[in-house]
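Heads up, the thing below is written out as structure tokens.
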Amino acid sequence: MASRNRDGTSMAEWNITSNPDRAVVLKLEDFSFSYQAAQPILSRINLTIRAGECHCLCGATGQGKSTLALAMKGLLDEGTQEGCVHNSARRHEGDLPFAAVGLVLQNPETQLFARNVGAEVAFGLENEGIDPAHMRSRVESALAQVNLNLPLCTPVNQLSMGQKYRLLVASVLVLQPQVLILDEPVAQLDEEGQQQLVRVVRRLLQQGIAVVLCEHDPHPFADLIDHYWTLYQGGRLASGRLFGEASVAPEREEASNAPTSDEVVVAAENLSVGYGEKTLWTGGAFTLRCGEKMLVCGDNGCGKSTLMQTLCGFLSPRHGELRVLGHCPSPQLLQGSALLLMQNPHKQLTETSVWEELSMSHRLAGHSRCDCRQACEQVLEQCGISHLKDASPHQLSYGQRHLVALASVLVARPRVLLMDDPFAGLDSVCRQRVHRLIDQYCQQGMAVICVSHESGDHDMIFDQVFAIYGGRFEAQER
Amino acid sequence: MKRKNVDALFMVAPILETPRTRINIPAGVHLFITIVLSSSAFLVRDVQWISTMIAVNLGWMAVCGVPWRQLKRLVRPFAMQTVMLLALYGFKQGQQGVLPAVQVSLQLMLTLMPPIVLSWCVPASQMARTFSRWMPDQAAFVLSASLHFFPMVLSEWRILYQAQQLRGVPLSWKQLWRPWHWRLVLRCLVVPAVVIAMSLAHEIALAARARNFRSGKRSCWMEEI
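Below you can see the structure in the form of structure tokens.
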């Protein structure tokens, strides 16, 4: 394996760090891409990937990692391209270009085309017109490669997020790729899911498959990565990884900093939540006062988002008592007083400019129009996105959209802010900013309930931390 | 306990979840029965035939193993639809509009029920295989994928609805009776819903291409029951 280069930030020289003994499977030469001539997304990218190497593309959110992944799979249609992508990997004589490059995109849910595991893995084989008689053995082999030992008739919707992700990897491996590209694998997975994926990637590398990770927080894969690359603003790719990219643990704020009052804003006693006929967890008991911050951690599918929905009043508690701002939660009663920041910000951004988005939220919350301008400017500044006020929220990067969505709820000055996995998919800079904003607004009396699948470092800034584990809602020792 | 009012608009979504029981009828036959039942719903005109069609559809649901609790979820959208139709027909025809309004509402429900049963019972790949007998493979796949991902689109719309309702957009039925709220609803709910659907379609198409989906002959996984 080639030596690691973690601290360099010079422009990439693709043929220096690679192991020349291994076959080149993918090579980008002076590759540039842009949707508009003045704003290149990727600029003169030089990158060589050899069999069995593990490359990690880092960079802040929105710098073009996913676009580069699409380019390596030959899926960029629109826009202007210069330079070339040599795909020398061929599975057999006459193989189509890029067919030997496997790509798993960010959102598992939009990539699952079938109802059961066998049909899902076979989807790629169907596309290649493989004889159905030969499918079963290849499907079973691919599932074994990712340690997913399930009956082929297992319904896909019964799998955990980690299993779904490995199923997608198997669905790509069944096509016998020589390069596997994983776009943001960490953001979607809990710690158990990440560890299982690490084991799969290790095995693939041993088999000589090249792996490219597009990931701003690649620490679970640190032992496997041979080359780090960083994408910078303007689409420039440089070898190495900036130290700022690494996760920085937030410092613990003293509890006395936040001026909490005795007013209870959320109280739960013996709470159980679920939907349909299913109870997801029981035993919830907590009290949140003005200015307090509460974190609820748990693995994918444990019922964190269901808690959010219950707190908003979209679901009724299955058992127990729940009061939000003194009432049984109901969307009508909570309008403007309790707001929800969703995990995917694009779902709550509806306007054509950032400014419109904020002023609409301010107006809908029932605040006076006179102080709208001042309030919007203040929140934009606090979120560090004043320069984006005329931009369309839909054309911003993931991290920027996240900050706009946060600004949009903050400008409404809710008394309770509910945040559904607000750190997922954010780079360290954005995370720090979100941490600071939470702290700042709590000092002004806002109460925050945050759910996250990462317990990690975030619990340091929260006053109360709970975990959902094994169907129980339990307080964590601090 | 149950989901609250917000599900009223998206009540069909849970019906399209993966079935627990299925009847072993060939997909082509199932599709044919669906077309016949749905078409018949438009053809029937009098109370007697509509009652017969209701009985036939309920019987079909029972035969196919669709749980009765799923049927209960149709009650509220049906009630809301009927109220809206009653208001429209009442405005136009007065008391005489009651019967036609109820009839149209029932017909709409009877048109909708067979496709719901179809999507409950027949897996997407089997549907694609059936469609591909009459149409190109790619078109068949697009059709079956649309059915497969429809619940996801509904789920995304539900999330959008919830977010906008909390934000303060007037979305309760009481507020929606006031026409001056409609512009805001259009701006904050309807247009974003279309954008979300288009964005999902783009994402799904990209995911299919990432799995080497292209024009040309496809084969079919034969082991999905």
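Each protein sequence line maps, in turn, to chains A and B. Quick note on numbering: numbering that gives the first Met the number 0 labels position 368 of the first sequence as 367, and the sequence is numbered without any gaps. Quick note on numbering: numbering that gives the first Met the number 0 labels position 149 of the second sequence as 148, and the sequence is numbered without any gaps. Every residue, glycine too, gets a C-beta built ideally from N, C-alpha and C. For clarity, every value in this text was computed on a predicted model and none was experimentally measured.
How many angstroms separate the CA atom of residue i from the CA atom of residue j?
{"i": "A:L340", "j": "B:A162", "result": "8 Å"}
{"i": "A:G325", "j": "A:T286", "result": "12 Å"}
{"i": "A:C449", "j": "A:S427", "result": "18 Å"}
{"i": "A:P217", "j": "A:S396", "result": "19 Å"}
{"i": "B:P114", "j": "A:P184", "result": "36 Å"}
{"i": "B:V184", "j": "A:C83", "result": "47 Å"}
{"i": "A:V173", "j": "A:A404", "result": "39 Å"}
{"i": "B:Q106", "j": "B:V65", "result": "20 Å"}
{"i": "A:E81", "j": "B:V74", "result": "57 Å"}
{"i": "A:I129", "j": "B:R217", "result": "8 Å"}
{"i": "A:G78", "j": "B:E202", "result": "17 Å"}
{"i": "A:D389", "j": "A:L379", "result": "11 Å"}
{"i": "A:L348", "j": "A:H452", "result": "23 Å"}
{"i": "A:G470", "j": "A:D298", "result": "11 Å"}
{"i": "A:Q399", "j": "A:Q187", "result": "19 Å"}
{"i": "A:C57", "j": "B:N56", "result": "56 Å"}
{"i": "B:L85", "j": "A:V171", "result": "53 Å"}
{"i": "A:E52", "j": "A:I208", "result": "7 Å"}
{"i": "A:D222", "j": "A:Q342", "result": "29 Å"}
{"i": "B:V152", "j": "A:T109", "result": "10 Å"}
{"i": "A:E473", "j": "A:T305", "result": "16 Å"}
{"i": "A:S2", "j": "A:L236", "result": "For A:S2, the predicted model reports a pLDDT of 38, less than 50, meaning its position is unreliable and no value from the coordinates is stated."}
{"i": "A:F97", "j": "B:R208", "result": "11 Å"}
Is the CB-CB distance between residue i and residue j below 8 Å?
{"i": "B:S118", "j": "B:F77", "result": "no"}
{"i": "B:L159", "j": "B:P191", "result": "yes"}
{"i": "B:Q174", "j": "A:P330", "result": "no"}
{"i": "B:L30", "j": "B:T129", "result": "yes"}
{"i": "A:V24", "j": "A:Q177", "result": "yes"}
{"i": "A:C369", "j": "A:S358", "result": "no"}
{"i": "A:S352", "j": "A:P413", "result": "no"}
{"i": "A:V447", "j": "A:K303", "result": "no"}
{"i": "A:P107", "j": "A:G233", "result": "no"}
{"i": "A:E268", "j": "A:R288", "result": "no"}
{"i": "A:N126", "j": "B:R213", "result": "yes"}
{"i": "B:I53", "j": "B:L109", "result": "yes"}
{"i": "A:V488", "j": "A:R317", "result": "Residue 488 of chain A is absent from the structure shown; chain A starts at 0 and stops at 477."}
{"i": "B:I49", "j": "B:V43", "result": "yes"}
{"i": "A:C55", "j": "A:N115", "result": "no"}
{"i": "A:Q195", "j": "A:N146", "result": "yes"}
{"i": "A:H386", "j": "A:A374", "result": "no"}
{"i": "A:K346", "j": "B:E155", "result": "yes"}
{"i": "A:V211", "j": "A:V200", "result": "no"}
Chain B beta carbons: is any one of them nearer than 8 Å to that of residue i?
{"i": "A:C449", "result": "no"}
{"i": "A:N126", "result": "yes"}
{"i": "A:I208", "result": "no"}
{"i": "A:T349", "result": "yes"}
{"i": "A:R412", "result": "no"}
{"i": "A:A98", "result": "yes"}
{"i": "A:D94", "result": "no"}
{"i": "A:A364", "result": "yes"}
{"i": "A:Q195", "result": "no"}
Against chain A, does residue i count as a neighbour if the rule is that its beta carbon must be under 8 Å from one of theirs?
{"i": "B:I203", "result": "yes"}
{"i": "B:L199", "result": "yes"}
{"i": "B:R213", "result": "yes"}
{"i": "B:H29", "result": "no"}
{"i": "B:R132", "result": "no"}
{"i": "B:W67", "result": "no"}
{"i": "B:K216", "result": "yes"}
{"i": "B:R75", "result": "no"}
{"i": "B:A61", "result": "no"}
{"i": "B:T20", "result": "Because B:T20 sits at a pLDDT of 47, beneath the cut-off of 50, its placement in the model cannot be relied upon, and the following sentence gives the value as read from the coordinates. With 8 Å as the cut-off, B:T20 does not count as an interface residue toward chain A."}
{"i": "B:P191", "result": "yes"}
{"i": "B:L187", "result": "The question names Leu, but residue 187 of chain B in the sequence shown is Cys. Closer than 8 Å to some Cβ of chain A, the Cβ of B:C187 qualifies, so yes."}
{"i": "B:C219", "result": "yes"}
{"i": "B:R182", "result": "no"}
{"i": "B:A209", "result": "yes"}
Tell me whether residue i, by its Cβ, gets closer than 7 Å to a heavy atom of the ligand NAD.
{"i": "B:H201", "result": "Among the components modelled here there is no ligand, and therefore nothing to report on the ligand NAD."}
Discussion item. Using a Cβ-Cβ cutoff of 8 Å, what residues of the segment 158-172 of chain B are near chain A? List them in chain order.
Written reply: I158, L159, Q161, A162, Q163, Q164, L165, R166, G167, V168, S171
Discussion item. By the 8 Å beta-carbon criterion, what residues does the segment 54-84 of chain A contribute toward chain B?
Written reply: L69, K72, L74
Fill in: Length at least 4, wholly inside the segment 143-194 of chain A: the alpha helix (DSSP H) runs in chain order
160-172
Practice prompt. May I ask you to list, following chain order, the residues of the segment 216-237 of chain A that have a beta carbon less than 9 Å from some beta carbon of chain B?
Written response: none
Practice prompt. Any chance you could list the beta strand (DSSP E) runs of at least 3 consecutive residues sitting entirely within the segment 305-380 of chain A, in chain order?
Written response: 318-323, 337-340
Worksheet item: What residues in the segment 389-401 of chain A have a beta carbon less than 8 Å from any beta carbon of chain B?
Response: H393
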